[in-house]
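Same order as they appear, the protein sequences are chains F and C. Our numbering applies: residue -9 is where the first sequence begins, and numbers increase by one. Our numbering applies: residue 39 is where the second sequence begins, and numbers increase by one. Positions of the beta carbon are idealized from the N, C-alpha and C atoms, including for glycine. As structure tokens, the structure follows; a few thoughts come after it.
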Amino acid sequence: MSSQTTKLKVDPRDGKLAMAHFYVAFIALTLGGLMGLLQTLVRSGKFELPWGIDYYQILTVHGVLMGLVLTTFFIMGFQYAAISRTAGTHSPAARRIGWIGFWVMTVGTIMAATMVLLKEASVLYTFYAPLKAHWIFYLGMTFVVIGSWLDGAAQIMTYARWRRENPGKPSPLLSFMAIINTVMWIVASLGVAATVLFQLLPWSLGLVDTVDVLVSRTLFWYFGHPLVYFWLLPAYMCWYAIIPKIIGGKIFSDSLARLSFILFLLFSIPVGFHHQLTEPGIDPAWKFLQVILTFMVIIPSLMTAFSLFATFERFGRSKGATGLFGWFKVLPWKDARFTVPFIGMASFIPAGAGGIINASNQMNQVVHNTIWVTGHFHLTAATSVVLTFFGITFWLVPHLTGRVLTKAMNKLAIIQGWVWFIGMAFMSGAMHFQGLLGGPRRSAYSTYGDSAQAMEWIPYQIAQAVGGSILFLGIILMIIIFVNLAFFAPKGEEEFPVGEAENLDEKAPMIFENWKLWLGITAALILFAYTIPFIDMIQNAPPGSPGFKTWGSW
Amino acid sequence: MAKAELKTNKKTEIEDSSSLKGTLASVFFLGIFLVVTWLSVYFLFLDRF
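Set out below in structure tokens:
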């Protein structure tokens, strides 16, 4: 699958840009993680924030840093390096665009962070209207999105060059996957760009007095659901195309991997209504349609599960494993590059099961706006995705810095993975159960006038604080590992593993690279799912809402 | 004794290295898990609403 022209090592000039992204990502992890710890402590009822710091302020910092900054920076750095490794070194022009993208994102992050610290933007990472932040916060978020487009443009340029130089050949799998994710991200972020540029910025600048809440929430969720797939697909890149090489096996099927990514492109976007199932003002028929499309996304997820089990079983049997599950034992459990992402994969089973429950219309009423949902995305994003990102860090950072993952660091990395798993089992598990008992999300500690129902939640909140503390220990371990790999590990050559397909004669069909076709279907599905409901929302719009600031000033 | 030997031979034949029966069992377990979790919340819904 990989062409002979590809280089085995990422060019140091590309490596530098990827590392710049990772520095910001890991600073975000450190600060965002500390905020997460504080939140769980506040919600235990045993701790109050000092110096007038507000719960919703730290909640905003946590959500923005973890959900938007850590993820976007890590993903862009990883994809930039993966394309450089498999489709060839980026051109100076592409690299320049990549650097501009990096700085635009960084400046945007600083602008948004400053406003949150000044208590001008405690609007949580979803920045739902009519909560109104300072305009600099919205402008900062716009910069993050525009910067990511520039980063994406650099990747697309290098992919396009590879296609020109290799006519009629399927592109390298990792490059293809990265480009699918970038394209999905660009199409999806048009929604959030639209609400910020046309609604929230003019409104926060005082140019208009009111905002159409339903339209802005709908545009947000048009973006918000593919956002979670934007986090997940780089993890899938690792599972499909990198993990097979790490364990010494083969990719089960190159074509199956590509098809599942195309299905994600098609079905991740026209599904935002499943986040708005309790929202008035959207016809139930359109909610029903988008729920059906949401369930279509289960197909590529199950294809992925099958393909990974098959890769593991084929590898195990080639090592002489017998019996139904003998292959499971011979997997390289002492290699952190495998074990830590594997914990992430295993976590995706309960995470996915929870997702199917959330998207089912009636059952959404059981869990909507409860802390179950927080528990859910701490399994998907904060375990499956993040542990896979950590697994990538263990070899990619030393690869880029010309160092090696030592035995001691490998051991610490495995401990880190298990610490994370144990902490998350407590925290996310307790969140799921508390949510089923009606415990709300996005709320500071309260006993709600000592009501019996709220009293039931307290033990679960204490369990979340225990889990949060263990997770923070996991973050400290991860920072130690990252700093070691970036600055202190012994010099050497760490491999950038790229898997090969089991059947090299099976060439991926060229139709997979037909962007006109896939973008055409993507656009058709989006127009089908959104046009009529949007016309309905605008034609029958209630009076707009003025802005609200529900939090105090310094 | 001869019989026992025959049995072992048979076993090696079945253990084909390209077998994916573990994968089949795994995806069935996964499917059952999805159905059980979905149904448990579904009954919670029926009970409450």
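Three-way DSSP call (helix, strand, coil) for residue i in this model
| i | result |
| --- | --- |
| Arg207 of chain F | helix |
| Pro224 of chain F | helix |
| Lys122 of chain F | coil |
| Phe486 of chain F | coil |
| Ala491 of chain F | strand |
| Lys539 of chain F | coil |
| Val320 of chain F | coil |
| Ile236 of chain F | helix |
| Pro430 of chain F | strand |
| Val281 of chain F | helix |
| Val201 of chain F | strand |
| Ile272 of chain F | coil |
Residue range of the unbroken alpha helix (DSSP H) whose run includes residue i
| i | result |
| --- | --- |
| Leu292 of chain F | Ile288 to Ser308 |
| Gly23 of chain F | Pro2 to Ser34 |
| Ala184 of chain F | Leu163 to Thr185 |
| Ser397 of chain F | Correcting the residue type first, residue 397 of chain F is Lys in the shown sequence and not Ser. It spans Lys397 to Leu426 - the alpha helix (DSSP H) in which Lys397 of chain F sits, taken as one unbroken run. |
| Ile136 of chain F | Trp125 to Glu155 |
| Asp526 of chain F | Trp505 to Gln529 |
| Arg248 of chain F | Asp244 to Phe257 |
| Gly545 of chain F | Because chain F is modelled from -9 through 544, residue 545 of chain F falls outside the range shown and cannot be assessed. |
| Tyr80 of chain C | Lys59 to Arg86 |
| Ser194 of chain F | Leu191 to Ser194 |
Neighbour list for residue i in chain C, Cβ cutoff strictly below 8 Å
| i | result |
| --- | --- |
| Ile259 of chain F | In chain order: nothing, as chain C lies at least about 24 Å away. |
| Leu369 of chain F | Within chain C, no residue comes near Leu369 of chain F; the closest Cβ sits about 12 Å away, beyond 8 Å. |
Residue from the options with nearest C-alpha to residue i
| i | options | result |
| --- | --- | --- |
| Ile549 of chain F | F:Lys539, F:Gly537 and F:Glu503 | No statement about residue 549 of chain F is possible, as the shown extent of chain F runs from -9 to 544 and does not include it. |
| Ile412 of chain F | F:Ile460, F:Tyr115 and F:Ile382 | F:Ile460 |
| Lys(-1) of chain F | F:Thr79, F:Pro260, F:Glu110 and F:Leu31 | F:Thr79 |
| Ala84 of chain F | F:Pro160, F:Leu321, F:Arg151 and F:Pro270 | F:Arg151 |
| Phe213 of chain F | F:Gly334, F:Val357, F:His264 and F:Phe63 | F:His264 |
| Met174 of chain F | F:Gln424, F:Gly381 and F:Trp505 | F:Trp505 |
| Val375 of chain F | F:Gly26, F:Pro2, F:Glu38 and F:Leu60 | F:Leu60 |
| Gly239 of chain F | F:Met500, F:Pro157, F:Glu492 and F:Val456 | F:Glu492 |
| Ala444 of chain F | F:Pro162, F:Ile361 and F:Glu496 | F:Ile361 |
| Val73 of chain C | F:Asp244, F:Ile405 and F:Ile347 | F:Ile347 |
| Pro120 of chain F | F:Ser543, F:Met353 and F:Ser535 | F:Ser535 |
| Ala225 of chain F | F:Ala311, F:Ala295 and F:Pro499 | F:Ala295 |
| Trp528 of chain F | F:Phe486, F:Val387 and F:Val203 | This sequence places Ile at residue 528 of chain F; Trp is not what is there. Ranking F:Phe486, F:Val387 and F:Val203 by Cα distance to Ile528 of chain F puts F:Val203 first. |
| Arg327 of chain F | F:Leu390, F:Thr378 and F:Ser291 | F:Thr378 |
| Ser112 of chain F | F:Met147, F:Pro157, F:Lys159 and F:Gln47 | F:Gln47 |
| Asp44 of chain F | F:Gly35, F:Ala77 and F:Leu107 | F:Leu107 |
| Leu515 of chain F | F:Arg207, F:Lys539, F:Leu256 and F:Val356 | F:Leu256 |
Chain-ordered chain C contacts of residue i [CB-CB under 7 Å]
| i | result |
| --- | --- |
| Ile333 of chain F | Residues of chain C passing the Cβ test: none, with the nearest at roughly 16 Å. |
| Arg307 of chain F | Ser55 and Ser57 |
| Ile339 of chain F | Leu68 and Phe71 |
| Trp317 of chain F | Gly60 |
| Leu545 of chain F | Residue 545 of chain F lies beyond the stretch modelled for chain F, which goes from -9 to 544, so this question has no answer here. |
Contacts that residue i makes with chain F (C-beta to C-beta distance below 8 Å)
| i | result |
| --- | --- |
| Phe83 of chain C | Gln352, Met353, Gln355 and Val356 |
| Leu72 of chain C | Gly342, Ala343 and Ile346 |
Within chain C, partners of residue i - CB distance below 9 Å
| i | result |
| --- | --- |
| Ala295 of chain F | Ser64, Val65 and Leu68 |
| Leu426 of chain F | Val79 and Leu82 |
Chain-ordered neighbours of residue i on chain F, where CB pairs are closer than 7 Å
| i | result |
| --- | --- |
| Leu58 of chain C | Ala300 and Glu303 |
Distance cut-off 7 Å: residue i Cβ against heavy atoms of the ligand FMN
| i | result |
| --- | --- |
| Leu314 of chain F | By its list of ligands, the structure shown contains no ligand whatsoever, and the ligand FMN lies outside what it can speak to. |
Any chain A beta carbon closer than 8 Å to residue i
| i | result |
| --- | --- |
| Leu427 of chain F | Going by chain labels, chain A is absent from the structure shown, which instead holds the protein chains F and C. |
**Q.** Contained alpha helix (DSSP H) runs [length at least 4] in the region 326 to 394 of chain F, N- to C-terminal order
**A.** Runs of the alpha helix (DSSP H) inside the region 326 to 394 of chain F: 326 to 349, 351 to 357, 361 to 369 and 376 to 391.
Q: Could you pull out every unbroken alpha helix (DSSP H) segment of at least 4 residues lying fully inside the region 34 to 115 of chain F, listed in chain order?
A: With a minimum length of 4 residues, the continuous alpha helix (DSSP H) runs that stay inside the region 34 to 115 of chain F are 45 to 53, 61 to 77 and 82 to 107.
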